[in-house]
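**Student:** First residue of the sequence shown: 1, per the numbering used here; consecutive thereafter. We put the CB at the ideal spot given by N, CA and C, even for glycine. Okay, here's the structure, questions in a sec.
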Amino acid sequence: MDWQTVVIGVLVLINLIATLAAMRSGTLSGGQRLIQVALIWLLPLIGAVICLAFVSTETRAVRDSMSSHQADLHAADGGATITGSYSGDCFGGGDACGGGDGGGGGGGD
């Protein structure tokens with residue numbers, strides 16, 4: 001096997017990886033995906049590197065945005081963390097639910 005075959009094989013492999021990354025990107029529209037795939041295959045190494053950099057930047061931006069949004073939600077609820085379990089018997093409050101006197105008893109005088 002000569003070096004030219006190896007170089008072509010490596011370029012094809014890089015282009016396939018870049019094509020899959022562009023096609024799996026959730027931030028690109030169909031037209032943008034088509035343009036990126038055309039760029040990958042028309043400019044073999046340069047197009048693949050540019051598209052992989054773009055997709056990774058977009059993926060990182062989306063991931064950072066999502067984690068920032070989750071932090072905002074956590075801050076909006078006062079930083080509270082909900083733990084424990086739900087008990088179906090605790091609709092009326094009262095001592096059985098840990099709520100003190102829920103007013104559910106009839107202390108009838």
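From Leu13 to Val49, what does the alpha carbon distance come to, in whole angstroms?
**Tutor:** Cα-Cα distance, rounded: 12 Å.
**Student:** Residue range of the alpha helix (DSSP H) that Leu16 falls in?
**Tutor:** Element bounds for Leu16: 3 to 24.
**Student:** Kindly indicate the opening and closing residues of the alpha helix (DSSP H) around Leu28.
**Tutor:** Careful: Leu28 lies outside any alpha helix (DSSP H) and carries neither H nor E.
**Student:** Give the C-beta separation of Ala53 and Val37 to the nearest angstrom, bearing in mind that I take them to be a contact with Cβ-Cβ under 8 Å.
**Tutor:** Not quite, the Cβ-Cβ distance comes to about 15 Å (not below 8 Å), so this is no contact.
**Student:** Using CA coordinates, which residue listed in Ile40, Ile46, Gln32, Leu43 is at the minimum distance from Glu58?
**Tutor:** Gln32
**Student:** Could you compute how far the alpha carbon of Val55 sits from the alpha carbon of Gly9?
**Tutor:** Taking the straight line from one Cα to the other gives about 23 Å.
**Student:** Does the beta-carbon distance from Ile40 to Gly47 come in below 8 Å?
**Tutor:** yes
**Student:** I need the DSSP call for Leu45, collapsed to helix, strand or coil.
**Tutor:** helix
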